[in-house]
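Keeping their order, the protein sequence lines are chains E and S.
According to the numbering used here, the residues represented by the first sequence are 233 to 669, in order.
According to the numbering used here, the residues represented by the second sequence are 243 to 574, in order.
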Amino acid sequence: MHHTPSGLSVPGPSRRTLLRGIGGAAALGAAVPLLSACGGDSDSGSDSKTVTLGSNSSDAVPKKAFAEIYAEFTKKTGIKVDVNTKDHNTFQEQINSYLQGTPDDVFTWFAGYRMQFFAGKGLASPIDDVWAKIGDNFPDAMKQLSKGADGKYYFVPLYTYPWAMFYRKSVFKENGYEVPTTWAQFIALCKQMKADGLVPIAFGDKDAWPALGTFDQINFRTNGYDFHVELMAGKASWTDAKVRATFDNWAEILPYSQEGSTGRTWQDAAQTLVSKKAGMYLLGTFVGQQFTNATDLADLDFFAFPEIDPSFGQDTVEAPTDGFMLSKSPKNKAGSVQLLEFLGTPEAEQIYLKADPNVVAASTKADTSSYSDLQKKAYAMISGAKSLTQFMDRDSRPDFTSTVMQPALQKFIRDPKGIDSLLSSIERQKKTIFASS
Amino acid sequence: MSTFDTNPVIPGAADAPPPGGTGTPSSPQRLKPPQGHKRLLTRKDRVALGFMAGLPTFLHIALVWVTALASIALAFTTWDGIGFGSIKWVGLQNFRELFDSNPQFWPAVQHNVIWFVVLIAIPTPLGLFLAVQLDKNIRFSRVYQTAFFLPVVVSMAVIGFVWQLIYNPDTGLINSLIGANKPGHYIDWIGDPDLNLWAILVAAAWRHTGYMMILYLAGLKGVDPSLREASSLDGANEWQTFKNVIFPTLRPTNTIVLVVTIIESLRAFDLVYVFNGGAQGTELLSILVTNNIIGESSRIGYGSAIAVVLLVISLVVIIPYLVSTFRKERRA
């Protein structure tokens with residue numbers, strides 16, 4: 233209300249403004265319940281004929297493959313699967329609030345520590361009843377990966393894929409290279425490739441996670457699976473001489489790794505393998521996505537990361553596993569259990585693998601006859617492994633790997649000489665992070 | 243202000259059926275004629291007013307104050323974001339950890355400062371220069387104006403993405419042109435901590451120049467032409483006119499420019515986040531906050547502590563500005 237200099241108010245227009253203001257306020261007031269409705273339950277999923285499912289497979293190929301599995305499930309049981317797909321990274325970033333709010337009945341997730349974390353927080357339901365039916369379909373290593381810290385099952389694995397050294401058969405044949413199995417052979421091969429004008433090891437760490445995979449390989453080859461697990465769990469010390477030995481080995485192959493790696497994406501690094509400029513590349517089998525030409529893809533092959541300490545050999549394989557979990561209070565529990573049981577069958581896995589040839593089935597019962605050579609080899613590698621790891625950010629606390637390890641490893645790659653102060657810095661930060669919660 | 247005040251009077255007077263003189267109510271009221279100006283507000287009006295003042299106040303308190311104070315409180319706790327029961331009071335531990343053992347914290351503070359210094363030192367004078375040139379009504383001035391201002395219209399995320407393509411070590415424009423994309427010759431614009439901050443600042447300055455140009459251009463349009471005339475009559479050359487006459491009259495614009503640049507350098511985030519995710523060499527406080535809070539098993543307490551540091555820095559900058567502005571207003 234404004235007063236004119238004479239001390240009189242001017243009511244006419246102010247009344248109008250008032251009314252307009254009321255209109256605006258009313259509109260706002262109306263918007264508030266609307267907003268809150270967004271967070272509320274939608275009743276569509278509460279009937280017994282529908283199961284809701286939150287999915288992170290936003291890429292076209294896996295999305296379609298999953299849709300085919302659900303269609304088959306609906307055909308069999310008459311239960312509809314209502315899929316709610318979110319962008320892969322967004323799904324991961326929002327998982328905390330998603331699981332605490334009103335999550336879908338079933339959701340896609342990763343095996344290992346990352347699954348156990350939410351199980352331990354009571355944000356997932358145990359599914360021992362499902363495993364009573366599907367247990368025979370899986371090898372022991374998969375069973376271990378699907379259990380929470382309390383020994384109950386929380387996870388149904390669908391597919392898995394190994395990390396390994398990828399190379400092009402034609403490049404090895406032309407230059408007369410042989411697949412190295414020991415560290416000495418590996419170093420010699422790197423030297424030879426460099427002399428031949430190739431980039432021995434393609435490398436791209438712009439997104440900061442690929443280096444975690446390199447560390448994993450060198451660490452469990454140098455120190456063995458048990459120490460690796462202890463280190464990931466925050467029990468072993470990062471200033472231990474064993475960790476230092478891992479980094480010394482890494483520093484030995486850094487001169488043979490592609491330069492400028494912290495500015496390069498993994499896709500660009502993979503392209504140097506596609507174009508035969510690089511000799512080898514350490515990555516998961518999803519590197520095959522970059523080989524868009526069928527003859528190039530047929531030329532792609534891989535070998536297990538070479539042995540460093542003979543007492544550990546090549547017994548550990550890094551094989552991240554993706555699958556499904558049941559949320560804390562599913563609206564349609566019976567239907568969700570049925571769906572999870574179906575997802576744990578070889579049949580469901582085969583439907584998926586037909587559409588996505590870069591991965592292999594988690595079940596040993598799945599039919600392997602339709603596998604490509606690469607898939608067969610990956611399958612043999614995983615089933616022959618003594619121990620399976622997931623990936624550093626799946627085996628350890630994600631807050632530790634993303635805020636401490638990712639920047640630390642990028643730093644190491646650029647400045648391997650500063651390793652000692654780097655390791656003590658990692659250890660200091662690790663202690664406070666693992667002490668919390 | 244003056245137009246704002248006088249404008250409503252005119253339609254108001256036109257609306258009121260009896261163009262009453264002083265003392266008579268100008269609104270068509272069926273109730274008894276009010277005596278004092280207090281009575282001019284009916285019950286309904288007061289409810290409506292209360293509602294109008296109350297709702298924004300409520301929203302402001304809930305969305306600004308409560309959240310800000312909550313994050314200050316959280317800075318003294320550890321919390322993984324799951325259930326309120328898991329909030330644990332840890333006192334100053336987050337800050338101690340931040341100042342002593344976080345290898346990214348001090349570089350981040352330093353980079354925020356560099357960001358500000360560079361924006362003030364390069365794009366701001368450049369923007370002023372361009373504005374002065376465009377103010378001379380040269381030919382195609384509209385075209386230049388649009389061209390220089392376009393980067394400001396584009397979102398920061400898009401700018402980051404585009405420049406990231408230009409700086410790409412293997413296929414980027416720069417390395418391809420100078421032949422630095424072969425083994426042994428690599429220039430890692432994005433990853434090298436000695437280079438990447440400057441590489442990003444080029445992109446930031448590119449955008450900021452246009453922004454500053456528009457602000458100064460608006461300021462220059464408001465300069466009284468007679469000042470120029472008088473100064474040229476006094477025999478001052480162009481530079482002297484600018485230095486002694488025009489620039490001093492741009493004082494209010496300079497204040498806005500300073501504040502805008504400080505804000506830009508404190509909130510710098512999206513460009514870097516898209517460019518290289520705040521890797522070594524380009525750490526910024528805003529990115530540290532995001533990395534610690536967003537994501538699974540988030541460190542909300544620790545991230546809040548970084549946010550509080552950012553808040554304190556902002557206050558240190560903003561409070562003197564507000565104090566001087568209020569003082570000036572009171573004087574006027």
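For each residue, glycine too, the CB sits at the ideal point set by N, CA and C.
If you're wondering where the values come from, they're calculated on a predicted model, not measured in any experiment.
For the beta strand (DSSP E) that contains residue i, what are its first and last residues?
i	result
THR527 of chain E	Per DSSP, THR527 of chain E belongs to no beta strand (DSSP E); it is in the alpha helix (DSSP H), 526-531.
ARG400 of chain E	395-400
THR282 of chain E	282-287
LEU390 of chain E	387-392
PRO432 of chain E	431-434
TYR513 of chain E	510-516
GLY555 of chain E	553-558
PHE342 of chain E	338-342
VAL315 of chain E	312-317
When you compare only the Cα positions, how much space is there between residue i and residue j?
i	j	result
PHE517 of chain S	SER397 of chain S	13 Å
ASP554 of chain E	THR664 of chain E	30 Å
VAL551 of chain S	VAL636 of chain E	20 Å
THR478 of chain E	ASN336 of chain S	31 Å
MET454 of chain S	PHE350 of chain E	49 Å
ASN675 of chain E	VAL431 of chain E	Outside the displayed range of chain E (233 to 669) lies residue 675 of chain E, so it cannot be described from this structure.
ASP382 of chain E	PRO345 of chain S	36 Å
ILE311 of chain E	PHE632 of chain E	41 Å
SER556 of chain S	ASP436 of chain S	27 Å
VAL499 of chain S	LEU492 of chain S	10 Å
LEU752 of chain E	THR548 of chain E	Lying outside 233 to 669, the shown extent of chain E, residue 752 of chain E is not represented and no answer is given.
LEU505 of chain E	ALA434 of chain E	7 Å
ASP437 of chain E	ARG384 of chain S	44 Å
GLY354 of chain E	LEU361 of chain S	49 Å
ARG453 of chain E	VAL475 of chain E	12 Å
PHE300 of chain S	LEU311 of chain S	15 Å
ASN316 of chain E	VAL374 of chain S	55 Å
ARG449 of chain S	ILE420 of chain S	24 Å
THR414 of chain E	TYR345 of chain E	30 Å
ASP625 of chain E	VAL359 of chain S	37 Å
Which residues in the same chain as residue i place their Cβ atom closer than 8 Å to its Cβ, once the five residues preceding and following it in sequence are excluded?
i	result
LYS463 of chain S	ASP377
PHE666 of chain E	GLY466, ARG629 and PHE632
ASN479 of chain S	none
ILE529 of chain S	ALA350, PHE511, VAL514, TYR515, GLY519 and GLY520
THR245 of chain S	Any reading at THR245 of chain S needs caution, since the residue's pLDDT is 38, under 50, leaving its predicted position unreliable; the model's value is listed next. No residues qualify anywhere along the chain.
Which stretch, first to last residue, makes up the alpha helix (DSSP H) that contains residue i?
i	result
VAL549 of chain E	From DSSP, VAL549 of chain E is part of no alpha helix (DSSP H) but of the beta strand (DSSP E) over 548-550.
ASP480 of chain E	473-485
PRO365 of chain S	365-376
VAL329 of chain E	According to the sequence shown, residue 329 of chain E is Ser rather than Val. 320-332 is the span of the alpha helix (DSSP H), which, as asked, contains SER329 of chain E.
LEU620 of chain E	Here LEU620 of chain E belongs to no alpha helix (DSSP H); instead the beta strand (DSSP E) covers 619-621.
ASP627 of chain E	624-627
ASP563 of chain E	Going by the sequence as given, residue 563 of chain E is Lys instead of Asp. Counting along the chain, LYS563 of chain E falls outside any alpha helix (DSSP H), and DSSP gives it neither H nor E.
TRP405 of chain S	398-409
Within the 9 Å Cβ cut-off, does residue i reach chain C?
i	result
LYS318 of chain E	Of the protein chains in this structure, namely E and S, none is chain C.
Please return the same chain residues whose Cβ sits closer than 6 Å to the Cβ of residue i, not counting the five positions on each side in sequence.
i	result
GLU550 of chain E	TRP395, ASP448 and THR621
LYS379 of chain E	TYR385
TRP482 of chain E	ILE450
ALA441 of chain S	TYR409 and TRP431
GLY461 of chain S	LEU492 and THR495
GLY402 of chain S	LEU513, VAL516 and PHE517
PRO294 of chain E	ASP588
ALA447 of chain S	ILE364 and PRO365
I'd like the list of long-range same chain contacts for residue i, defined as Cβ closer than 7 Å, with 5 residues on each side in sequence excluded.
i	result
LYS597 of chain E	ASN369 and PRO578
LYS508 of chain E	ARG400 and VAL403
**Study point:** Interface residues of the segment 608-635 of chain E facing chain S [CB-CB below 7 Å]
**Key:** Taking 7 Å as the upper bound on Cβ-Cβ separation, chain S lies near residues ARG629, PRO630, ASP631, SER634 and THR635 of the segment 608-635 of chain E.
Point to revise | Cβ pair count under 8 Å reaching 3, the segment 353-363 of chain S against the segment 501-519 of chain S | key: The answer is yes - the segment 501-519 of chain S touches the segment 353-363 of chain S, with three or more Cβ pairs under 8 Å.
Point to revise | Validate contact between the segment 395-405 of chain E and the segment 529-539 of chain E using beta carbons, cut 8 Å, 3 pairs | key: Counting C-beta pairs with one atom in each stretch, the segment 395-405 of chain E and the segment 529-539 of chain E have three or more that are closer than 8 Å, which means they touch.
Review point. Got a sec: which bits of the segment 472-495 of chain E sit with their beta carbon under 9 Å from any beta carbon on chain S, in order along the chain?
Key: Flagged, chain order: GLN490, GLU491, GLY492, SER493, THR494 and GLY495.
Check your understanding: In the segment 427-459 of chain S, which residues sit with their C-beta less than 8 Å from some C-beta in chain E, listed in chain order?
Key -> Per Cβ criterion, the list reads TYR428, ILE429, ASP430, TRP431, ILE432, GLY433, ASP434, PRO435 and ASN438.
Point to revise | Interface positions of the segment 317-329 of chain S facing chain E (Cβ-Cβ less than 8 Å), listed along the chain | key: Answer set for the segment 317-329 of chain S: THR320, ASP322, GLY323, ILE324, GLY325 and SER328.
Practice item. May I ask you to list, following chain order, the residues of the segment 338-363 of chain S that have a beta carbon less than 9 Å from some beta carbon of chain E? Key: Within the segment 338-363 of chain S, the qualifying residues are GLU339, ASP342, SER343, ASN344, PRO345 and GLN346.
Exercise for review: Please list the residues of the segment 401-418 of chain S that have a C-beta atom closer than 8 Å to any C-beta atom in chain E, keeping them in chain order.
Suggested key: Within the segment 401-418 of chain S, the qualifying residues are TYR409, ASN410, PRO411, ASP412 and THR413.
Review point. Taking any Cβ of chain E, which residues in the segment 501-534 of chain S have a Cβ under 7 Å from it, in chain order?
Key: Residues ASN518, GLY519, ALA521, GLN522, ASN533 and ASN534.
Practice item. Decide yes or no for the touch test of the segment 431-447 of chain E against the segment 638-645 of chain E: beta carbon pairs closer than 8 Å, at least 3 of them. Key: Yes: at least three Cβ pairs fall under 8 Å.
**Study point:** Touching by the beta-carbon criterion (3+ pairs, under 8 Å), the segment 411-420 of chain E and the segment 534-541 of chain E
**Key:** Yes, the segment 411-420 of chain E touches the segment 534-541 of chain E.
Review point. Which residues, in chain order, does the segment 308-332 of chain E contribute to contact with chain S at a C-beta distance below 7 Å?
Key: Taking 7 Å as the Cβ-Cβ cut-off, the segment 308-332 of chain E approaches chain S at GLN324, GLU325, ILE327, ASN328 and GLN332, given in chain order.
**Study point:** chain E contacts made by the segment 481-501 of chain S, where a contact means CB separation under 8 Å
**Key:** For the segment 481-501 of chain S, which is checked against every Cβ of chain E, not one residue is closer than 8 Å.
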